[in-house]
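**Q**
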Amino acid sequence: MQRRFSKLAKNRIDPKITRAGSPSVIPFHVPHKKLLEKIESKRQEKEPLTGYLNRQNALCKHKTFFEDSSTKKRSRLSLDKHKSKVLFASPRDLIRTPRVVGSTFVLPHHRLPEVVDQAELIKQFKEEKGGFFIYMIYACPRSSEYYTPYALKIVPYKEIDKSNFMTMSSHGVMQHVGTEVVFTHLHKWELEYNMYCRLMKIKSFFNFRLWKTFYVWRKGILYKKFQKAATFLNGNLFMLLPSLRVALIDIQHLCYVTAGLNFMDVSTIKNWHLFYFIEAQMEKLEMVVHKLKEFREVVREIVVNACHGALLAQGFVVNEYLLEDGQGKGFIFALLYRVNWKIGRYMF
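So that you can map any letter, position 230 of the sequence shown is 229 in numbering that gives the first Met the number 0, and since no number is skipped, the others follow by simple counting.
1) In whole angstroms, give me the CA-to-CA distance for Lys128 and Glu191.
2) Starting from Val287 and walking both ways along the beta strand (DSSP E), at which residues does that stretch end?
3) Can you look up Met167 in the DSSP assignment and give me helix, strand or coil?
4) Straight-line CA distance for His142 to Arg244?
5) Just confirm the distance between the C-beta atoms of Ser169 and Leu185, as a whole number of angstroms; I'd bet it's less than 8 Å.
6) What separation, rounded to the nearest whole angstrom, lies between the Cα atoms of Leu209 and Trp216?
7) Would you tell me roughly how many angstroms separate the C-alpha atoms of Ile153 and Met194, rounded to the nearest one?
8) Tell me whether Ile121 is buried or exposed, calling it buried when 16 or more other Cβ atoms sit within 10 Å of its Cβ.
9) At a cut of 8 Å, does the region 110–117 reach the region 147–167 through at least three beta carbon pairs?
10) Contact defined as beta carbons within less than 8 Å: I believe Tyr137 pairs with Pro107. What is the distance between those atoms, to the nearest angstrom?
11) Have a look at Leu86 and Asn56 and give me their C-alpha separation to the nearest angstrom.
12) Buried or exposed: which applies to Ser242, given that a residue is buried once 16 or more other Cβ atoms fall within 10 Å of its Cβ?
13) Can you give me the C-alpha to C-alpha distance between Leu260 and Cys306, rounded to a whole angstrom?
14) What is the rounded straight-line gap between the Cα of Phe225 and the Cα of Gln280?
15) In terms of alpha-carbon separation, which member of Val303, Thr147, Leu58 lies closest to Asn206?
16) Out of Leu240, Leu273, Asn163, Leu291, which has the shortest C-alpha to C-alpha gap to Tyr255?
17) I need the straight-line Cα distance from Lys269 to Arg295, nearest angstrom please.
18) Name the DSSP bridge partner or partners of Glu179?
19) Does Ala229 pass the burial test, meaning 16 or more other C-beta atoms within 10 Å, or should it be called exposed?
20) If you drop the 5 nearest sequence neighbours on each side, which residues of the same chain put their C-beta closer than 7 Å to that of Ala309?
21) Between the C-alpha atoms of Lys200 and Tyr149, what's the straight-line distance to the nearest angstrom?
22) Since Phe213 contacts Thr166 with CB under 8 Å, what's their CB separation in whole angstroms?
23) State the DSSP-derived secondary structure class of Val105, mapped to helix, strand or coil.
24) Kindly list the residues whose CB is nearer than 7 Å to the CB of Ser162, restricted to its own chain and excluding five residues on each side of it in sequence; keep chain order.
25) Beta carbon of Ile301, beta carbon of Ala246: below 7 Å?
26) Quick one, are the C-beta atoms of Gly171 and Phe182 less than 7 Å apart?
27) Do the CB positions of Val298 and Ile248 come within less than 7 Å of each other?
28) What does the Cβ neighbour count give for Glu189, buried or exposed, with the cut at 16 atoms within 10 Å?
29) Between the alpha carbons of Val105 and Met135, how many angstroms are there, rounded?
30) So Leu284 packs on Phe262, CB below 8 Å; how close in whole Å?
31) Reducing DSSP to helix, strand and coil, say where Lys161 ends up.
32) Quick check: what's the CA-CA separation for Asn350 versus Lys211?
33) Just list the residues that DSSP pairs Ile136 with in beta bridges.
In structure tokens form, the structure reads like this:
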């Protein structure tokens, strides 16, 4: 049995397909590497932030080394090891800041003539460590467009504002606000000033006061225009006058009732002779015509009395003879009573 199995194993065909003898010959059953790259779909990972990868690639700096003809093979191998090193940018370098024209950055308070430069002042106190100090006050009020926390000017003791002033020495800055005193070390003052300068290089922080002033001004202008328009409407809009408002509501209600009238009576038309049907329709037509005449008279009296009442409310006299006889108000009330009686009669 053993010999039989060994003989079958020798005669068994190996399923593995061997390649051709020449290494340059590519078998037809093995796909090319470039063809596989085209066929296989590559899954691209999404960027966490749009444009982050491009920004990172732009900031990366590759170290390149140039080979010298006189260098040895060993030194070349050592240089090849460093060619693949990449200096990646830090997250702080990826923050986009606006370009600053020139070498120095101009803060808003630098436009004032008497404002002292804090960077030069800090440098001077660091170099000359003496026992002297200076007095500083704000060069502009808080409402000014040039106001910043560092808009300070040097003044003598006689010109200081005792409610709010500062003293600066080689140890730090001491701020006097009323009865409270706050001391800040010089290195911390310098750190805060540098951080403030970096923040002001961002457009949002640099233009914040201008944007806020414009927003408050725009809001005030809109509120003033709104109040002016409301006052004009209250004084000139006839819908807000009591006499005209009631008249318009009554006329609208009368129009709604009149719109429901029908010129034909089709409630009972079964088992009627033609003569009786025509007689019923003529009676319905006469009733509708009578209703329309009443509607016209009532609307006319409502409009006339409303106009008279509006004129009297504004101080105008419609008929001076009635006013001389002392019947002006009584006449108006009589007209209104008659109109209300007609409206009730027309509606019911």
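Just so it is clear, CB atoms sit at the ideal spot from N, CA and C, and this is done for glycine as well.
**A** Quick answer:
1) 21 Å
2) Note, Val287: premise wrong, no beta strand (DSSP E); alpha helix (DSSP H) at 273–312.
3) strand
4) Just to set this straight, residue 142 is Ser in the shown sequence, not His. Spanning the two alpha carbons is a distance of roughly 49 Å.
5) 7 Å
6) 11 Å
7) 23 Å
8) buried
9) yes
10) Going by Cβ atoms, the distance from Tyr137 to Pro107 rounds to 13 Å, so no, they are not a contact pair.
11) In this prediction, Leu86 has a pLDDT of 40, which is less than 50 and means its spatial position is unreliable; what the coordinates show is noted afterwards. Those two C-alpha atoms are separated by around 10 Å.
12) buried
13) 29 Å
14) 57 Å
15) Thr147
16) Leu291
17) 35 Å
18) Val176
19) exposed
20) Leu240, Ser242, Leu243
21) 15 Å
22) Wrong, their Cβ atoms sit about 37 Å apart, outside the cutoff.
23) coil
24) Gly177
25) yes
26) yes
27) no
28) buried
29) 21 Å
30) 6 Å
31) coil
32) Limits of the chain in this structure are 0 at one end and 347 at the other, which puts residue 350 out of reach.
33) Lys152
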